[in-house]
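>
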Amino acid sequence: MSSSNKPHLWHGRAQEPGFFRAEFTMEFEDMYAMRRLRSSRTTFGLYAAYVLLPVFFIAPAFAYGPWQRGDIGLAAAIVVGSVLAGGVVAALTYRPARSLVRGFWRGFFQSRVMIDRPVTMLLDRDGYDIASGNFTARVAWDGVVDIKEDVERYYFLYEENYAHTLPKRCFDQAARSELAVALKEWTGFETGRGLPFPKPAAAGQRL
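Heads up: the sequence shown begins at 9 in the numbering used here, then just goes up one per residue.
(1) Can you tell me whether Ile66 is helix, strand or coil according to DSSP?
(2) Alpha carbon to alpha carbon, how far is Leu60 from Ala93?
(3) Which ranges does the beta strand (DSSP E) cover as unbroken runs of at least 3 residues, wholly within the segment 102-164, from first to last along the chain?
(4) Since Pro175 sits in a beta bridge, which residues does DSSP pair it with?
(5) Which of the three DSSP states is assigned to Glu167 in this structure?
(6) Sort Lys156, Asp134, Thr128 by Cα distance to Phe143 and report the nearest one.
(7) Taking the DSSP output, what are the residues bridged to Met42?
(8) For Gln118, collect the residues of the same chain with a Cβ closer than 8 Å to its Cβ; drop the 5 residues on either side in sequence, then sort them by chain order.
(9) For the ligand GDP, is there any heavy atom lying closer than 8 Å to the beta carbon of Ala148?
(10) Near His19, which residues of its chain fall below 8 Å by C-beta distance, leaving aside the five closest residues on each side in sequence?
(11) Tell me Thr195's beta-bridge partners as DSSP assigns them.
(12) Using three-state DSSP, classify Glu31 as helix, strand or coil.
(13) I need the boundaries of the alpha helix (DSSP H) containing Gly53, first residue and last residue.
(14) Roughly how many angstroms separate the alpha carbons of Leu45 and Asp38, rounded to a whole number?
(15) Taking Cβ to Cβ, would you say Ala145 is nearer than 9 Å to Ile138?
(16) According to DSSP, is Arg77 part of a helix, a strand, or is it coil?
(17) Tell me whether the beta-carbon of Phe41 lies closer than 9 Å to the beta-carbon of Asp158.
(18) Between Gln133 and the rest of its own chain, which residues show a CB-CB distance below 7 Å, the 5 nearest in sequence each way excluded?
(19) For Gly141, which option in Gly135, Arg120, Leu100 has the closest C-alpha, if you only look at C-alpha atoms?
So, in structure tokens, the structure goes:
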């Protein structure tokens with residue numbers, strides 16, 4: 009994307025009362041955060057459970073012979089050692105697996121021109137307009153089923169599995185406070201509730 013096509017960040021609010029304008033570039037983290045908003049999070053504990061699941065079936069099979077011969081110590085060692093080995097494998101592969109997942113989604117988003125694109129959003133008491141390239145839409149607040157928020161973004165869920173995101177980096181601190189008050193007044197949704205994950209950009213603990 010050329011520098012002439014890359015939008016600047018518009019800090020603050022527009023001159024008209026009750027009117028907010030945001031111009032930003034949709035980044036990978038923005039799209040990835042929306043994907044995780046719609047899907048379950050794979051924590052390390054859950055990932056380790058996936059890795060260990062086959063161990064609980066395989067280890068007893070190897071331990072059965074020693075146990076049948078009366079060698080309880082060896083059978084127990086096989087089971088315990090298999091579980092420990094599975095835990096080590098999970099710890100060693102979790103980070104690379106997470107990187108592979110993020111790499112897949114980065115390629116997916118890039119192939120569909122869903123990231124590194126300019127976006128403009130205009131918000132008022134009736135709803136918001138969003139425009140990006142040839143795409144434009146007007147969404148009324150009564151068509152928004154929920155508003156979620158984390159440290160970096162707002163998410164406007166206009167259907168059960170679809171959302172538009174508004175990065176808070178588009179506004180200075182004063183404008184962020186004004187926007188939070190306006191959204192509560194316009195929509196009735198209580199912002200600031202947070203999400204199960206506190207900061208999408210910090211993806212160190214989730215796939």
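Ideal Cβ positions, reconstructed from N, Cα and C, are used throughout, including at glycine.
Reading it off the structure:
(1) Looking up residue 66 in the sequence shown gives position 58. In this structure, Ile66 counts as helix in the three-state DSSP scheme.
(2) On the sequence shown, residue 60 is found 52 positions in, with the first residue counted as 1. On the sequence shown, residue 93 is found 85 positions in, with the first residue counted as 1. So the two alpha carbons sit approximately 9 Å from each other.
(3) Fully enclosed beta strand (DSSP E) runs of 3 or longer: 125-132, 135-140, 143-148, 154-157.
(4) Looking up residue 175 in the sequence shown gives position 167. Answer by DSSP bridge pairing, in chain order: Arg161.
(5) Taking the first residue of the sequence shown as position 1, residue 167 is located at position 159. Strand at Glu167.
(6) For the purposes of this step, residue 143 is identified with residue 135 of the sequence shown, where counting begins at 1. Of Lys156, Asp134, Thr128, the residue nearest in Cα terms is Thr128.
(7) If you number the sequence shown from 1, residue 42 lands on position 34. Partner(s): none; Met42 has no beta bridge.
(8) Taking the sequence shown and counting its residues from 1, one reaches residue 118 at position 110. Cβ contact annotation for Gln118 (same chain, cutoff 8 Å, sequence separation greater than five): Asp124, in chain order.
(9) As presented, the structure is devoid of all ligands, the ligand GDP included, so that no description of it is given.
(10) One-based indexing of the sequence shown puts residue 19 at position 11. Residue placement at His19 is poorly supported in this model, since its pLDDT is 39, which falls under 50; the coordinates still yield a value, given next. Excluding sequence neighbours, His19 sits near Cys178, Phe179, Asp180, Ala183.
(11) The residue you call residue 195 lines up with position 187 of the sequence shown. In the DSSP output, where bridge partners are listed per residue, Thr195 has none listed.
(12) If you number the sequence shown from 1, residue 31 lands on position 23. Reduced to three states, the DSSP call for Glu31 is strand.
(13) Your numbering for residue 53 matches position 45 in the sequence shown. Looking at the DSSP string, the run of the alpha helix (DSSP H) that includes Gly53 is 52-60.
(14) Residue numbering aside, residue 45 sits at position 37 when the sequence shown is read from its first letter. Residue numbering aside, residue 38 sits at position 30 when the sequence shown is read from its first letter. Linking Leu45 to Asp38 through their CA atoms gives a straight-line distance of about 11 Å.
(15) Here residue 145 refers to the residue found at position 137 when the sequence shown is read from its first residue. Here residue 138 refers to the residue found at position 130 when the sequence shown is read from its first residue. Going by C-beta atoms, Ala145 is nearer than 9 Å to Ile138.
(16) Here residue 77 refers to the residue found at position 69 of the sequence shown. Note: Arg77 maps to coil in three-state DSSP.
(17) Along the sequence shown, one-based indexing puts residue 41 at 33. Along the sequence shown, one-based indexing puts residue 158 at 150. The amino acid occupying residue 41 in the given sequence is Ala; Phe does not appear at that position. Yes, the pair counts as a contact, with Cβ atoms nearer than the cut-off.
(18) Here the question's residue 133 lines up with position 125 in the sequence shown. Contrary to the premise, residue 133 reads as Arg rather than Gln in this sequence. So the list reads Gly26, Trp194, once near-sequence residues are dropped.
(19) Taking the first residue of the sequence shown as position 1, residue 141 is located at position 133. That would be Arg120, whose Cα lies nearest to the Cα of Gly141.
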